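S.K.: Before I ask anything, here is the structure I am working with.
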Amino acid sequence: MKNDSINLIEIKNLKKIYNDEPSFLNIKKEAHLVLNNINLNIQKGQIVALVGESGCGKSTLANCILKLINPTQGEILYKGEDILKYDKKQTFNYRKKIQMIFQNPYSSLNPKMKIQETLLEPLEIHKIFKSKKENLNRVCEIIDMVGISKDDLKKYPHEFSGGQRQRIAIARALILKPEFIVADEPVSALDVSICASIINLLIELREKLNLTMLFISHDLNLVRYLSDKTAIMNKGTIVEFNNTQDLFKHPKDEYTKFLLSSIRNIKV
Ligand SMILES: Nc1ncnc2c1ncn2[C@@H]1O[C@H](COP(=O)(O)OP(=O)(O)O)[C@@H](O)[C@H]1O
Ligand SMILES: [Mg+2]
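Under this note's numbering, the residue at position 112 of the sequence shown is numbered 200, and the numbers go up by one with no gaps.
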């Protein structure tokens, strides 16, 4: 793996507080601390897993990195630059470099658009190539890479299976050759057999494209199989961050030990 020591993403003392609006029964505004002093580094070429129970703040952290929501405090550095200080143009360029894969591919695929249009759209918005022909060549290249036939480009999302739709969503995420992928529970909605094929596709693409990824999951077996490093999150705090193999063999934090005890009887 190249450039191992370069921090592509560096998160420093990140906090997110949601202020719930006062309701009829509850006149006071309640502050809800969802991310509490998060520190996390992701180096180029690494897959870092983020693990934790539902509601612990994983998606909130992902959405901060994707600049979909603003944190209350702290810094998110991309190649040493604070993305929270980016102006419109810098944010536009950042969005080209950072892409996401969601649990439900429908959120990244417009049901009214044919797959070809869906894949052409980012190339056109970011004016990657000069001609339509070059755009189409890139679409064919990427659709082939994720194992979908070129003949399927004229179809709509509903004409595919869940696994195929996730492959297309992966193609959509990769078409601009991003530097960093945030995958938020990308296989949680899929059947076990399909889940394995999507994970193997991600591993294959990672080798081919030297992808850097934040892989969010609550499936510890999957995380152990896929990731280089693992961050364990509990109630908005990262309680342990270590090389995946070391973390699974020698967990230090009590909460990590608790999570691992739940899979102790499952063969990994
Ligand atoms: N827009 C919001 N307003 C208020 N609270 C929110 C909002 N989004 C998420 N939360 C709360 O933040 C916490 C973390 O949510 P989330 O990041 O989605 O967790 P996870 O992805 O780990 O399941 C939850 O308690 C959730 O209810
Ligand atoms: Mg989530």
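Every residue gets a Cβ at the ideal spot worked out from N, C-alpha and C, and that includes glycine.
Note that the coordinates shown come from a computational prediction; the quantities given were computed from them, not determined experimentally.
For residue 349 and residue 343, what's the separation of their Cα atoms in angstroms?
M.R.: Near 10 angstroms, if we compare the C-alpha coordinates of residue 343 and residue 349.
S.K.: Under the criterion of a Cβ to heavy atom distance below 8 angstroms, does residue 168 qualify as lining ligand 1?
M.R.: No, the Cβ of residue 168 stays beyond 8 angstroms of every heavy atom of ligand 1.
S.K.: Going by DSSP, name the residue or residues bridged to residue 234.
M.R.: Per DSSP, none; premise fails for residue 234.
S.K.: Say yes only if the C-beta of residue 188 is nearer than 8 angstroms to one or more non-hydrogen atoms of ligand 1, and no if none qualify.
M.R.: Residue 188: no, Cβ never under 8 angstroms from ligand 1.
S.K.: Just to confirm, is the Cβ distance from residue 306 to residue 273 under 9 angstroms?
M.R.: Contact flag set, yes.
S.K.: Under 8 angstroms by Cβ, that's how I've got residue 300 and residue 134 pegged, so tell me the actual separation to the nearest angstrom.
M.R.: Yes, residue 300 and residue 134 are in contact; Cβ-Cβ is about 6 angstroms, under 8 angstroms.
S.K.: Give the secondary structure of residue 32 by DSSP, where H, G and I count as helix, E and B as strand, and everything else as coil.
M.R.: Outside the displayed range of the chain (89 to 356) lies residue 32, so it cannot be described from this structure.
S.K.: May I have the straight-line CA-CA distance separating residue 190 from residue 313, to the nearest angstrom?
M.R.: So the two alpha carbons sit approximately 20 angstroms from each other.
S.K.: Just mark residue 158 as buried or exposed, buried being the case when its beta carbon has 16 or more other beta carbons within 10 Å.
M.R.: Burial call: exposed.
S.K.: For my contact list, residue 278 and residue 250 are in at a C-beta cut-off of 8 angstroms; report their separation, rounded to the angstrom.
M.R.: Between residue 250 and residue 278 the Cβ distance is about 6 angstroms, and since that is below 8 angstroms, they are a contact.
S.K.: Below 8 angstroms, can you find three or more Cβ-Cβ pairs linking the region 141–152 to the region 262–273?
M.R.: Touching, yes.
S.K.: Around the Cβ of residue 90, are there at least 16 other Cβ atoms within 10 angstroms (buried) or fewer (exposed)?
M.R.: Caution applies to residue 90, whose pLDDT of 47 falls short of 50 and renders its modelled position unreliable; the value that the coordinates give is listed next. Exposed, by the Cβ-count rule.
S.K.: Please name the residue in 227, 246, 315 whose C-alpha comes closest to that of residue 200.
M.R.: Among 227, 246, 315, the Cα nearest to that of residue 200 is on 246.
S.K.: In three-state DSSP terms, what is residue 187?
M.R.: DSSP places residue 187 in strand when its eight states are reduced to three.
S.K.: Distance, Cα to Cα, residue 142 vs residue 104?
M.R.: Using only the alpha carbons, I get a separation of about 17 angstroms.
S.K.: For the putative contact between residue 226 and residue 241, defined by C-beta atoms under 8 angstroms, what is the C-beta separation to the nearest angstrom?
M.R.: Actually they do not touch by this definition, with Cβ atoms about 12 angstroms apart.
S.K.: Exposed or buried, which one is residue 303 when buried takes at least 16 other CB atoms within 10 Å?
M.R.: Under this definition residue 303 is a buried residue.
S.K.: Can you tell me whether DSSP reads residue 108 as helix, strand or coil?
M.R.: The answer is strand: DSSP assigns residue 108 an E or B state.
S.K.: Return yes when at least one heavy atom of ligand 2 lies under 8 angstroms from the C-beta of residue 126, else no.
M.R.: Answer for residue 126: no, Cβ out of range of ligand 2.
S.K.: In chain order, what residues of the same chain lie with their CB nearer than 6 angstroms to the CB of residue 267, ignoring the 5 residues before and after it?
M.R.: Hits under 6 angstroms: 185.
S.K.: Any idea what DSSP makes of residue 325, helix, strand or coil?
M.R.: Three-state result, residue 325: strand.
S.K.: Verify the contact flag: residue 162, CB atom, against every heavy atom of ligand 1, threshold strictly below 8 angstroms.
M.R.: No, ligand 1 has no heavy atom inside 8 angstroms of this Cβ.
S.K.: If I measure Cβ to Cβ from residue 289 and keep anything under 8 angstroms in the same chain, skipping five residues before and after, which residues do I get?
M.R.: So the qualifying residues of the chain are 234, 235, 255, 258.
S.K.: How would you call residue 333, buried or exposed, if buried means at least 16 neighbouring beta carbons within 10 angstroms?
M.R.: Exposed is the call here.
S.K.: Would you kindly check if the distance between the Cβ of residue 124 and the Cβ of residue 340 is under 9 angstroms?
M.R.: Contact: no.
S.K.: Taking the alpha-carbon positions, what's the residue 197 to residue 262 distance?
M.R.: Between residue 197 and residue 262, the C-alpha separation is close to 14 angstroms.
S.K.: Mind checking whether the beta-carbon of residue 304 lies closer than 8 angstroms to any heavy atom of ligand 2?
M.R.: True, at least one ligand heavy atom lies under 8 angstroms from that Cβ.
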